[in-house]
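*Asks:*
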Amino acid sequence: MGTKPKASKMTPPLIATLIVAILALCFPSIANATYQYSSPPPPPYVYKSPPPPEKSPPPPPVHKSPPPRSPPPPPKKSPPPPVYKSPPPPVYKSPPVYKSPPPPVVKSPPYVYKSPPPPPYHY
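All letters in the sequence shown, in the order written, are residues -33 to -1, 1 to 90 by mature numbering (1 follows the signal peptide of the UniProt record, and there is no 0).
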């Protein structure tokens, strides 16, 4: 496994900064020769932007009633229901007059021959 050298790679701006710092420490006369000490200027005021608002949950949906609809068309008039006529009542005829059957023709009974009555009994 390869090991990487840790401090061998320095970025160029970092090297330049180190060189300037070392030179300033070694030669303080050079650093102060052209510099007249004065209080450092105040840092410029940086206006901080307000923090971004926390995302609040979306407001609950507002339930709006649906827009009013046009009134429904009037119901179609259905044709009147058919009139059911009951059949006419049967015509009642007076019952036939009951006629008794004609009496049977009476035939005279066959003649029964009788013996003549006995003679009257005398005492």
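Idealized CB from N, CA, C, for every residue including glycine. This structure is a prediction, so every number in the text was calculated from the model and none was measured.
1) Classify Ala(-3): buried if its beta carbon has 16 or more other beta carbons within 10 angstroms, exposed otherwise.
2) According to DSSP, simplified to helix, strand and coil, what is Thr(-23)?
3) To the nearest angstrom, how far is it from the Cα of Pro86 to the Cα of Pro63?
4) Please report the distance separating the alpha-carbon of Pro76 from that of Pro68.
5) Between Pro42 and the ligand FAD, is the CB less than 7 Å from at least one heavy atom?
6) So, with DSSP's three-state summary, where would you put Val58?
7) Taking the straight line between their C-alpha atoms, what separation do you get for Pro70 and Pro49?
*Replies:* A quick look at the data gives this:
1) Caution applies to Ala(-3), whose pLDDT of 49 falls short of 50 and renders its modelled position unreliable; the model cannot decide the point.
2) Note: Thr(-23) maps to coil in three-state DSSP.
3) Distance between the alpha carbons of Pro86 and Pro63 is about 59 Å.
4) Each residue's Cα considered, the two are about 21 Å apart.
5) Absence of the ligand FAD is noted for the structure shown, with no ligands found whatsoever.
6) Val58: coil per DSSP, three-state reduction.
7) When rounded, the distance between both Cα atoms is 58 Å.
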